[in-house]
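Each remark here refers to the structure printed beneath this line.
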Amino acid sequence: MSDPPVGRRVLIVEDESLIAMTAEDMLENVGWRPVGVATSCRSALAAVAKGGFDIAMIDINLRGEDSGPVADALAQAGIPFIFTTGYGKARVPERHREAGIIAKPYDARSLDAALQAAAR
Amino acid sequence: MGERIRARDWSDTPFGPPADWPQSLRSTLSTCLRSSIPTAIYWGEELRLLYNDAWAPIPGPRHPGALGAPAREIWPDIWEVLGPQLAHVRETREGLAVNEQMLPMQRYGAPEETYWDYSLTPIVGEDGLVVGILNQGQEVTNRVFQRRREQLLLDLDSMLRVADHAGKAMQQAVERLAPQLPAERVGYGVIDDAVETITVEACWTDGTLADVTGSHPVAIFGEALHRSLREGEVISVFDCAEDERITGEPGLRDRYRAMGLRSGLVVPLIRDGRYSAAMFAHSAEPHRWTDNQVALLQTVGERIWQAAARIRTEARLRESERHHRLIVETAQDIVFSTDLEQIVTACNPAAGAALCLPHEEIVGRAVVEFLDPADLDYAAGMLRQKIDDGGTTRYEITVISAGGERMRWEINSTLAYDLEGQVIGIHAIARDMTERHAFDQRQKLLINELNHRVKNTLALVQSLAMQSFKPGVDPDAAREIFQTRLGALAAAHDLLTREHWEGATLGELIAAATDNHIGDDGQIEATGPALRIAPRAAVSLAMALHELCTNAAKYGALSGAEGRISIAWQVEDGMLRLGWREQGGPEVSQPDSRGFGLGMIERALASDLAGEVVMDFDPAGLRCHIEAPLDAIAPETKS
Numbered sequence: 000m001s002d003p004p005v006g007r008r009v010l011i012v013e014d015e016s017l018i019a020m021t022a023e024d025m026l027e028n029v030g031w032r033p034v035g036v037a038t039s040c041r042s043a044l045a046a047v048a049k050g051g052f053d054i055a056m057i058d059i060n061l062r063g064e065d066s067g068p069v070a071d072a073l074a075q076a077g078i079p080f081i082f083t084t085g086y087g088k089a090r091v092p093e094r095h096r097e098a099g100i101i102a103k104p105y106d107a108r109s110l111d112a113a114l115q116a117a118a119r
Numbered sequence: 000m001g002e003r004i005r006a007r008d009w010s011d012t013p014f015g016p017p018a019d020w021p022q023s024l025r026s027t028l029s030t031c032l033r034s035s036i037p038t039a040i041y042w043g044e045e046l047r048l049l050y051n052d053a054w055a056p057i058p059g060p061r062h063p064g065a066l067g068a069p070a071r072e073i074w075p076d077i078w079e080v081l082g083p084q085l086a087h088v089r090e091t092r093e094g095l096a097v098n099e100q101m102l103p104m105q106r107y108g109a110p111e112e113t114y115w116d117y118s119l120t121p122i123v124g125e126d127g128l129v130v131g132i133l134n135q136g137q138e139v140t141n142r143v144f145q146r147r148r149e150q151l152l153l154d155l156d157s158m159l160r161v162a163d164h165a166g167k168a169m170q171q172a173v174e175r176l177a178p179q180l181p182a183e184r185v186g187y188g189v190i191d192d193a194v195e196t197i198t199v200e201a202c203w204t205d206g207t208l209a210d211v212t213g214s215h216p217v218a219i220f221g222e223a224l225h226r227s228l229r230e231g232e233v234i235s236v237f238d239c240a241e242d243e244r245i246t247g248e249p250g251l252r253d254r255y256r257a258m259g260l261r262s263g264l265v266v267p268l269i270r271d272g273r274y275s276a277a278m279f280a281h282s283a284e285p286h287r288w289t290d291n292q293v294a295l296l297q298t299v300g301e302r303i304w305q306a307a308a309r310i311r312t313e314a315r316l317r318e319s320e321r322h323h324r325l326i327v328e329t330a331q332d333i334v335f336s337t338d339l340e341q342i343v344t345a346c347n348p349a350a351g352a353a354l355c356l357p358h359e360e361i362v363g364r365a366v367v368e369f370l371d372p373a374d375l376d377y378a379a380g381m382l383r384q385k386i387d388d389g390g391t392t393r394y395e396i397t398v399i400s401a402g403g404e405r406m407r408w409e410i411n412s413t414l415a416y417d418l419e420g421q422v423i424g425i426h427a428i429a430r431d432m433t434e435r436h437a438f439d440q441r442q443k444l445l446i447n448e449l450n451h452r453v454k455n456t457l458a459l460v461q462s463l464a465m466q467s468f469k470p471g472v473d474p475d476a477a478r479e480i481f482q483t484r485l486g487a488l489a490a491a492h493d494l495l496t497r498e499h500w501e502g503a504t505l506g507e508l509i510a511a512a513t514d515n516h517i518g519d520d521g522q523i524e525a526t527g528p529a530l531r532i533a534p535r536a537a538v539s540l541a542m543a544l545h546e547l548c549t550n551a552a553k554y555g556a557l558s559g560a561e562g563r564i565s566i567a568w569q570v571e572d573g574m575l576r577l578g579w580r581e582q583g584g585p586e587v588s589q590p591d592s593r594g595f596g597l598g599m600i601e602r603a604l605a606s607d608l609a610g611e612v613v614m615d616f617d618p619a620g621l622r623c624h625i626e627a628p629l630d631a632i633a634p635e636t637k638s
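So the protein sequences, as listed, match chains A and B. Residue numbering for the first sequence is 0 to 119, as defined by numbering that gives the first Met the number 0. Residue numbering for the second sequence is 0 to 638, as defined by numbering that gives the first Met the number 0.
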């Protein structure tokens, strides 16, 4: 918990607000700092454009929409990210197969580990 | 014969000693004896007979006694015909010739139907009177019978060829045969070895003998006769009362007498080495059966057998064809045949239905007319491979109907051959797999979606648990909160499941969420128009309503009996506006920290509904105002 906030700022891209809220709690518990929740592709892309976070966790499916464009934008901006998904690896876009992935439901420790790995 | 005539002493006969015979007799006799044609001389007042070697067999056993005897004594059986003819020649002094004259001779005891071509020529003496008659001729019975048999067979053939009912055909044949035979009963029977019966399938009788149509023991006419028939031997019985094959079997003769049966001819039909059928002619009188009659029964019996077999085979074929046609016509699968140029030569109604054309119109068209151009090479390759390798192939191909609809057909085909074994095309059965593929695709999507929902729901449950079991909360209270939240989630799911996850009405959602609290005296009142909510928004709303109810029960209007809650909503300008208003509860104060419950209402609900949620902690009672665009919360309308 002694890490400085910069480098630990997390953008949550998650359409289910209860899950997003839980993720916020988890992140805080393991020393990350949630700085925003985007519930759709559109708002997530806006958040990427605006910046102000160091890493992102993205739900693969956002209200039926594929979050691939968000991942693309992040990759282009050089911002590390991980996928969260209920679908398993199959739905991860081919070009982002290298990205970290964490299956729902996840716990704080595995979330932390996945973010740490992606941040390196 | 000349020897015999010379050797004989004629002096005490009306002829007198040969030396005194008139020149006319001598020269005629000389011609007669030299002729190779059967020739006889009827001489003098009594028309006494002289004849050559060729003529000698004609009167049967009456030769040689007939030599020199008067015509009338020799021919009592045929005198009715011959007498007047001889008298006519003598009176008119003109010769006569007859063709195929029937003479009912009784040469061997029983009357015989015989036919003759002959001439009677007057021998005129020096005084101009007829002194004798020269007879030349020959028996043509065989020719007559043969012609009759041929005619009969022609008739039978034309009759049987068109027959389509075995029983009727047999009866007609037997009736056509009967007049050709000196019989009172004629019939055809089939042998059944398994039960040892002969079944008479066709029987004609003139009424003298009984109709014997039906089944009888196979040895009804005696074991001996049956054994012979089984050996393929023709049975010809002149007189049942005297035939040893009958009299030798105890009681058999009496049985024949009781049946009125006196003589019979039975011809067995042997098929594949087995006694299979019999053609019979029975008479109440003794008959000397002739070879002609045997041949007649034999041929007619065979014709009947062939016709019956053909009719039965055709009936079976018709039935089998009808059966197959029915299967093909009612089949759901598409059935078609093509020639080697891939022109459709036949197809069933299912093919017509699939291709949106009357199926008769498909015949004559090329298969390629219905194929996706992209698949043409593939289809041609499959056909080539089949012709080269034979066997059955199965492949899928894209077919386009006359209406432009694209379909995936799974085609099973096999080569069609002509009678010489040459490949002439293919027979194919096709099944439209389009719907099946679409179904598989949908199912795959559904399974993925289900998987996603389950994972998401588990994550949701995880959130509920984490928010309920917070540090500092009494574990028992936390457990209680968690369970009621889980219950609210389950109730919302139940509701959606009932609606096949296509949404739920707001009224139903409110009723389900407040179920535990509406109670005793209707403390909660909900009013508003019918409105359908999409599954995601429905779950969020249900959870939020649950939190509001829980809060009201703990601190608000539902904590006392006097409290009331009114939930009212309207739809205006594409927006849902829902108001939650508590009254009559304890005084409300601004909470210092918002627990998960109220926090969720403000944040989560606003986000999930893409709208606004405003909480107003009015001292008179909590108020909550929810506003959401309909396009974010209503189910997508399916087009």
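Heads up, the beta-carbon is just placed ideally off N, CA and C, and yes, glycines get one too.
When you compare the CB positions of residue i and residue j, do they come within less than 8 Å of one another, or not?
i: Ile396 (chain B); j: Tyr377 (chain B); result: yes
i: Val551 (chain B); j: Gly583 (chain B); result: The question names Val, but residue 551 (chain B) in the sequence shown is Ala. Their beta carbons are not under 8 Å apart, which means Ala551 (chain B) does not touch Gly583 (chain B) by this criterion.
i: Met542 (chain B); j: Leu575 (chain B); result: no
i: Ile234 (chain B); j: Val265 (chain B); result: yes
i: Val80 (chain B); j: Tyr114 (chain B); result: no
i: Ile57 (chain A); j: Val69 (chain A); result: yes
i: Phe80 (chain A); j: Ile100 (chain A); result: no
i: Ile639 (chain B); j: Arg89 (chain B); result: Absent from the model: residue 639 (chain B). The displayed extent of chain B is 0 to 638, so no value can be given.
Using 10 angstroms around the beta-carbon of residue i, count the other beta-carbons present and answer buried if the total reaches 16, otherwise exposed.
i: Pro3 (chain A); result: Caution is warranted here: a pLDDT of 45 is assigned to Pro3 (chain A), below 50, making its placement in the model unreliable, and no coordinate value can be reported.
i: Ile532 (chain B); result: buried
i: Ser1 (chain A); result: Low confidence applies here, because Ser1 (chain A) scores a pLDDT of 45, under 50, leaving its location unreliable; read the following figure in that light. It is exposed - the Cβ of Ser1 (chain A) has fewer than 16 other Cβ atoms within 10 Å.
i: Ser638 (chain B); result: Legend: pLDDT at Ser638 (chain B) = 38, less than 50; position of this residue unreliable, value from coordinates given subsequently. Ser638 (chain B) should be labelled exposed.
i: Leu110 (chain A); result: buried
i: Leu10 (chain A); result: buried
i: Lys443 (chain B); result: exposed
i: Glu23 (chain A); result: buried
i: Thr549 (chain B); result: buried
i: Ala536 (chain B); result: buried
i: Asp653 (chain B); result: Nothing can be reported for residue 653 (chain B): it is not among the residues displayed for chain B, which extend from 0 to 638.
i: Ile33 (chain A); result: Looking at the sequence itself, residue 33 (chain A) is Pro, so the reference to Ile does not match. By the neighbour-count rule (16 or more Cβ atoms within 10 Å), Pro33 (chain A) is buried.
i: Asn98 (chain B); result: exposed
i: Leu61 (chain A); result: buried
Among the options, which one has its Cα closest to the Cα of residue i?
i: Ile386 (chain B); options: B:Gly584, B:Leu339 and B:Phe279; result: B:Leu339
i: Ala353 (chain B); options: B:Thr433, B:Ala365 and B:Ser319; result: B:Thr433
i: Trp42 (chain B); options: B:Pro474, B:Gly124 and B:Tyr114; result: B:Gly124
i: Arg287 (chain B); options: B:Gly67, B:Leu180 and B:Ile269; result: B:Leu180
i: Leu296 (chain B); options: B:Pro178, B:Gly471, B:Glu99 and B:Met0; result: B:Pro178
i: Ser467 (chain B); options: B:Gly598, B:Val88 and B:Glu328; result: B:Gly598
i: Arg175 (chain B); options: B:Val189, B:Ser157 and B:Ala491; result: B:Ser157
i: Leu608 (chain B); options: B:Arg452, B:Asp210 and B:Ser539; result: B:Ser539
i: Gly67 (chain B); options: B:Ile4, B:Ile77 and B:Leu95; result: B:Ile4
i: Arg148 (chain B); options: B:Gly300, B:Leu547 and B:Trp579; result: B:Gly300
i: Arg7 (chain A); options: A:Arg108, A:Met20 and A:Val29; result: A:Val29
i: Leu102 (chain B); options: B:Arg89, B:Gly94, B:Arg452 and B:Gly82; result: B:Gly82
i: Thr406 (chain B); options: B:Thr344, B:Asp431, B:Leu418 and B:Thr392; result: One detail in the question is off: residue 406 (chain B) reads as Met in this sequence, not Thr. Measuring from the Cα of Met406 (chain B), the nearest candidate turns out to be B:Asp431.
Does chain E have any CB closer than 8 Å to the CB of residue i?
i: Asn347 (chain B); result: In summary, chain E is missing from the structure at hand, where the protein chains are A and B.
Original post:
Could you give the uninterrupted runs of the alpha helix (DSSP H) lying entirely in the segment 302-368 of chain B, keeping only those of 4 residues or more?
Top reply: 348-354 and 358-361
Original post:
Is it true that the segment 165-175 of chain B meets the segment 185-204 of chain B, where meeting means three or more beta-carbon pairs spaced less than 8 Å apart?
Top reply: yes
Original post:
If we count Cβ pairs, one from each stretch, closer than 8 Å, do we get three or more for the segment 11-23 of chain B versus the segment 106-113 of chain B?
Top reply: no
Original post:
What are the complete alpha helix (DSSP H) segments, minimum 4 residues, inside the segment 39-80 of chain B?
Top reply: 70-73
Original post:
Quick one: complete beta strand (DSSP E) runs, 3+ long, within the segment 6-73 of chain A?
Top reply: 8-12, 32-37 and 54-58
Subject >> Given 8 Å, three or more beta-carbon pairs between the segment 331-351 of chain B and the segment 420-437 of chain B >> reply: yes
Subject >> Completely contained beta strand (DSSP E) runs for the segment 261-301 of chain B, where each covers 3 or more residues >> reply: 262-270 and 273-282
Original post:
Which ranges would you report for the beta strand (DSSP E) in the segment 78-163 of chain B if only whole runs of at least 3 residues count?
Top reply: 95-102, 113-123 and 129-138
Subject >> Completely contained alpha helix (DSSP H) runs for the segment 555-614 of chain B, where each covers 4 or more residues >> reply: 595-598 and 605-608
**OP:** Any chance you could list the beta strand (DSSP E) runs of at least 3 consecutive residues sitting entirely within the segment 174-248 of chain B, in chain order?
**Re:** 184-191, 196-204, 213-216 and 234-236
**OP:** Please go through the segment 404-431 of chain B and give each complete beta strand (DSSP E) segment of 3 or more residues, from N-terminal end onward.
**Re:** 405-416 and 422-431
Subject >> Cβ pair count under 8 Å reaching 3, the segment 318-333 of chain B against the segment 206-220 of chain B >> reply: no
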